[in-house]
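A.B. asks: Residue numbers (our numbering): 26 to 267. Positions of the beta carbon are idealized from the N, C-alpha and C atoms, including for glycine. The structure presented is a predicted model; accordingly, all values stated were derived computationally and were not measured.
#1: Would residue 164 and residue 106 qualify as a contact pair, given that the criterion is a beta-carbon distance under 8 Å?
#2: Check whether the stretch 143-150 touches the stretch 175-188, taking contact to mean three or more Cβ pairs, one atom from each stretch, closer than 8 Å.
#3: Within the chosen definition, does the stretch 210-222 reach the stretch 60-71 through at least 3 CB pairs nearer than 8 Å?
#4: If you draw a straight line from the alpha carbon of residue 26 to that of residue 188, how long is it in whole angstroms?
#5: Given this structure, state the Cα-to-Cα distance separating residue 167 from residue 46, to the nearest angstrom.
#6: Just to check my reading of the structure: residue 86 and residue 65 have Cβ atoms closer than 8 Å, yes? What is that Cβ distance to the nearest angstrom?
#7: Using 8 Å as the threshold, is the C-beta distance between residue 117 and residue 262 below it?
#8: Quick one: what's residue 165 bridged to in DSSP?
#9: Which first and last residues belong to the beta strand (DSSP E) in which residue 75 is found?
#10: Enumerate, from N- to C-terminal direction, the unbroken beta strand (DSSP E) stretches of 3 or more residues contained entirely within the stretch 30-56.
#11: Along the chain, where does the alpha helix (DSSP H) that runs through residue 185 open and close?
#12: Using the rule of at least 16 other Cβ atoms within 10 Å of the residue's Cβ for burial, across every protein chain shown, is residue 36 buried or exposed?
#13: With a 10 Å radius around its C-beta and 16 neighbouring C-beta atoms as the bar for buried, classify residue 196 as buried or exposed.
#14: Let's see if you can read the secondary structure: which residues bound the beta strand (DSSP E) around residue 176?
#15: Using the beta-carbon count (16 or more within 10 Å), is residue 154 buried or exposed?
#16: Residues in its own chain within less than 6 Å of residue 9 by CB, not counting five upstream and five downstream?
#17: Do residue 52 and residue 135 have their C-beta atoms closer together than 8 Å?
#18: Tell me residue 265's beta-bridge partners as DSSP assigns them.
#19: Rank 201, 94, 191 by C-alpha distance to the C-alpha of residue 172 and give the top, closest one.
#20: Provide the residue span of the alpha helix (DSSP H) that contains residue 139, from first to last.
#21: Please identify the residue among 38, 145, 198 whose C-alpha is closest to the C-alpha of residue 78.
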């Protein structure tokens, strides 16, 4: 079922009590039902978004903040990467080293939650000893430029391929698709995928399909962000995992 994995994006201007008392119970229920929820880390780097002074729209923040929906302990926060494909005979072949998405079109969200405490599973090399939930957990292709992703859409009743899309609103649903296939192969629902990601990263990082992202940062809008490095970091999480 496609409902085994759900991609979600985010919003701004909500209270911590709303996140804890309204959103979190729904995510808890999803995890208890074996559903995996993936939320975009955001496209405004370490700045994130905030509600404008008139309360009418989300705008880029001027201080560090995160997509608190993605910081809920019962969801997997998905950041973004970029890379230059390795072409052989005009075809993209093999794995090309990725770096943190930050290409002028936007940058991956990441940082420390101001709402949620650090869950027991969030530990390992590089995880800050800050007592709060850190995001993202993992990352995936997000740049609309390096290399960008074609997409199919209905245009006036006709199918059309367009180029190019990106953002963590791309990487989150792609990961939801991955987990659906993994769940089908495993023969059961996976639930909160962080309960799988972190133990794997701590015990079998080199052999469990992780591609460590160690270059780039999520500085944005004049806000100093976080730099990628070995292991976990607040720009790419554990990197790309597949």
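C.D. replies: Let's see:
#1: yes
#2: no
#3: yes
#4: At residue 26 the pLDDT is 39, less than 50, meaning the model places this residue with poor confidence and gives no usable figure here.
#5: 31 Å
#6: So it is not a contact: roughly 16 Å between Cβ atoms.
#7: no
#8: 105
#9: 74-76
#10: 30-33
#11: Residue 185 -> not in any alpha helix (DSSP H); beta strand (DSSP E) instead, spanning 183-190.
#12: exposed
#13: buried
#14: 174-180
#15: exposed
#16: Missing from the structure shown is residue 9; the chain here goes from 26 to 267 and no further.
#17: no
#18: 236
#19: 191
#20: Where residue 139 is concerned, there is no enclosing alpha helix (DSSP H), although the beta strand (DSSP E) it sits in stretches over 136-142.
#21: 38
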